[in-house]
Amino acid sequence: IGVEPSGLFHIGWIVWVKKLKDLMDIGVKMHLLEATWHAQINDKLEGDIERIRMCGKYFEYALKALGVDTDKLIFVTADEFMDTLDYWSMVFKVSKNLTLARVKRAMTIMGRKASEAELDFSKMLYPSLQVTDIFYGEFKICLGGTDQRRAHILAREVAEKINVGWKPIAIHTPLIPGLTGLQRMNPEDIAKMDTMEISIEAKMSKSKPGDAIFIHDTPDEIRKKIRNAYCPPKTLEHNPIIAINKYILFDEQFVLHIDRPEKYGGPIDITSFDDLAKLYTTGKLHPLDLKIATAEALIKFLEPARKMFETDKKAREYLEAVKQARVTR
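For the sequence shown, my numbering begins at -14 and goes up steadily by one.
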């Protein structure tokens, strides 16, 4: 998996972290590419490459805080790849087999629209770099959010043209909507998009105020953010509170406890996401009750990560350094 070191680690990324752990648990040799130069191209952290590299180190601690065995996970930086002539030879070979139109359509892998390709020419290079990363690193399995689908499709198409002898297998994880939900989007723009485009545009973003919960947020910060979050009644689609439950909290052992007065139905323990979905879509569970329960469950889920950043001196230093950096997109 390739990740741009671009700011604080938010809970939207926990979805792919869980799948990363699953793959490692069954013996898959996993690499994490710290996409430093990619982040600079994408204007992250004001394009300051040293801050981006420092953020990569913070990411390593964040993954450890989330239970990833960082001794077994192989960390690679884009700097290591790009320091070799062979890498750039592959960039040229890949680029010769891509059209300009195809590259523009792939801009969503950067969290951008096709029209933003013209902000500066370096952004046109991004899809070629990401495809090259896969072949140069010989990454046979590619893990990422559904927003990375177009890059992985490009890699599979190019693989045939340049005869590398294999095609990458792509594993895509769902995107968690930002806490501000569809409210931040123009209704006219939404009407022109398909479901996938909406999910990419509405995904949780650290650069948009109030849109993300970070893995080391305090309990009070989590409660406040969730209380203010977009959570339309009886609606599952593009609902961040529903998505947090479905993709982060619910597993075989999880129980969502709803503590509410008898006049509103009384306390209830929800043992499956399907049960939650039925209660919510039929109006038997109020958004505020769901928010309160979700906040408490998420606080408990994130407690190990929060404690590590409180007690590990080095992790804390990297966290404070990233906090001081200006998040940009």
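Glycine included, every Cβ here is placed at the ideal spot set by N, Cα and C. All figures in this text were calculated on a predicted structure; none of them were measured in a lab.
Exercise. Is the CB-CB distance between residue 156 and residue 120 below 9 Å?
Worked result: No Cβ-Cβ contact shorter than 9 Å links residue 156 with residue 120.
Exercise. Which of the three DSSP states, helix, strand or coil, is assigned to residue 162?
Worked result: Residue 162 falls in the strand class under three-state DSSP.
Exercise. In chain order, what residues of the same chain lie with their CB nearer than 7 Å to the CB of residue 62, ignoring the 5 residues before and after it?
Worked result: Contacts found: 19, 21 and 41.
For this session: Answer yes if the region 179 to 199 comes into contact with the region 252 to 271, meaning at least three C-beta pairs across the two stretches below 8 Å, and no otherwise.
Result: Touching, no, given that fewer than three Cβ pairs across the two stretches are closer than 8 Å.
Exercise. Which whole-angstrom value is the C-beta distance of residue 128 and residue 8, which I expect to be below 8 Å?
Worked result: At roughly 7 Å, the Cβ-Cβ gap stays under 8 Å, so residue 128 and residue 8 are in contact.
For this session: Classify residue 309 as buried or exposed, calling it buried when 16 or more other Cβ atoms lie within 10 Å of its own Cβ.
Result: With fewer than 16 Cβ atoms within 10 Å of its Cβ, residue 309 is classed as exposed.
Exercise. Could you give the residue range of the alpha helix (DSSP H) that holds residue 216?
Worked result: No alpha helix (DSSP H) holds residue 216; DSSP gives it neither H nor E.
Problem set entry | Unbroken alpha helix (DSSP H) run spanning residue 128, endpoints | Element bounds for residue 128: not the alpha helix (DSSP H) but the beta strand (DSSP E), 126 to 130.
For this session: Compute the Euclidean distance between the alpha carbons of residue 269 and residue 279, then round it to the nearest angstrom.
Result: Here the alpha carbons of residue 279 and residue 269 stand approximately 16 Å from one another.
Exercise. What are the complete beta strand (DSSP E) segments, minimum 3 residues, inside the region 42 to 100?
Worked result: Entirely contained in the region 42 to 100, the beta strand (DSSP E) runs reaching 3 residues are, in chain order, 59 to 62.
For this session: Could you check what DSSP says for residue 116 in three-state terms: helix, strand or coil?
Result: In the structure shown, residue 116 sits in a helix (DSSP, three-state: H, G or I).
Problem set entry | CB of residue 132 within 9 Å of CB of residue 185, strictly | Contact: yes.
Exercise. With a Cβ-Cβ cutoff of 9 Å, do residue 223 and residue 290 count as a contact?
Worked result: Contact: no.
For this session: Would you mind giving the Cβ-Cβ distance between residue -9 and residue 30, rounded to the nearest angstrom? I have them listed as a contact below 8 Å.
Result: About 6 Å; that satisfies the 8 Å criterion.
For this session: With a threshold of 16 other CB atoms inside 10 Å of the CB of residue 242, please say whether the residue is buried or exposed.
Result: By the neighbour-count rule (16 or more Cβ atoms within 10 Å), residue 242 is not buried but exposed.
Problem set entry | C-beta contact flag for residue -3 and residue 188 at 9 Å | Yes, they are a contact pair.
Exercise. Is the number of C-beta pairs between the region 201 to 210 and the region 229 to 245 that are closer than 8 Å three or more?
Worked result: Contact fails: fewer than three Cβ-Cβ distances are below 8 Å.
For this session: Pull up the distance between the alpha-carbon of residue 249 and that of residue 226, whole angstroms please.
Result: Here the alpha carbon of residue 249 sits roughly 20 Å from the alpha carbon of residue 226.
Exercise. Assuming residue 212 and residue 276 make a contact with CB atoms under 8 Å, what is their CB distance in whole Å?
Worked result: The Cβ separation is near 6 Å, so the contact holds.
Exercise. Helix or strand or just coil, what does DSSP make of residue -12?
Worked result: For residue -12, the secondary structure class from DSSP, reduced to helix, strand or coil, is strand.
Exercise. Starting from residue 243 and walking both ways along the beta strand (DSSP E), at which residues does that stretch end?
Worked result: Following the DSSP letters along the chain, one finds residue 243 inside the beta strand (DSSP E) bounded by residues 241 to 243.
Problem set entry | Option nearest residue 167 by Cα separation, candidates 105, 4, 215 and 221 | If we check each option's Cα against that of residue 167, 215 comes out closest.
Problem set entry | Check whether residue 294 and residue 46 have beta carbons under 9 Å apart | Yes.
Problem set entry | Alpha-carbon spacing of residue 24 relative to residue 37, whole angstroms | Cα to Cα, the separation comes out at about 7 Å.
Exercise. What's the C-alpha gap between residue 321 and residue 192?
Worked result: Here the chain has residues from -14 to 314 only, and residue 321 is not among them.
Exercise. Start and end of the alpha helix (DSSP H) containing residue 137?
Worked result: First-last of the alpha helix (DSSP H) with residue 137: 134 to 147.
Exercise. When you compare each of 271, 44, 105 and 221 to residue 245 by their alpha carbons, which one comes out closest?
Worked result: Check the Cα spacing between residue 245 and each of 271, 44, 105 and 221: the tightest is with 271.
Problem set entry | Proximal residues to residue 141 (C-beta, below 7 Å), its chain only, five neighbours per side dropped | Here the set comprises 152 and 153.
Exercise. Should residue 210 be labelled buried (16 or more other beta-carbon atoms within 10 Å of its own) or exposed?
Worked result: Residue 210 is buried by the Cβ-count criterion.
For this session: With a cut-off of 8 Å on the beta carbons, I'd call residue 39 and residue 303 a contact; round off their distance for me.
Result: About 7 Å; that satisfies the 8 Å criterion.
Problem set entry | Best match in 301, 162 and 221 for proximity to residue 195 [C-alpha to C-alpha] | Of the candidates 301, 162 and 221, the one whose C-alpha sits nearest the C-alpha of residue 195 is 162.
Exercise. Can residue -7 and residue 17 be called in contact, C-beta distance under 9 Å?
Worked result: In this structure, residue -7 sits away from residue 17, with a CB-CB distance that is not shorter than 9 Å.
Exercise. If you follow the alpha helix (DSSP H) that residue 283 is part of, which residue opens it and which one closes it?
Worked result: For residue 283, the enclosing alpha helix (DSSP H) covers residues 272 to 286.
Exercise. Which stretch, first to last residue, makes up the beta strand (DSSP E) that contains residue 254?
Worked result: First-last of the beta strand (DSSP E) with residue 254: 253 to 255.
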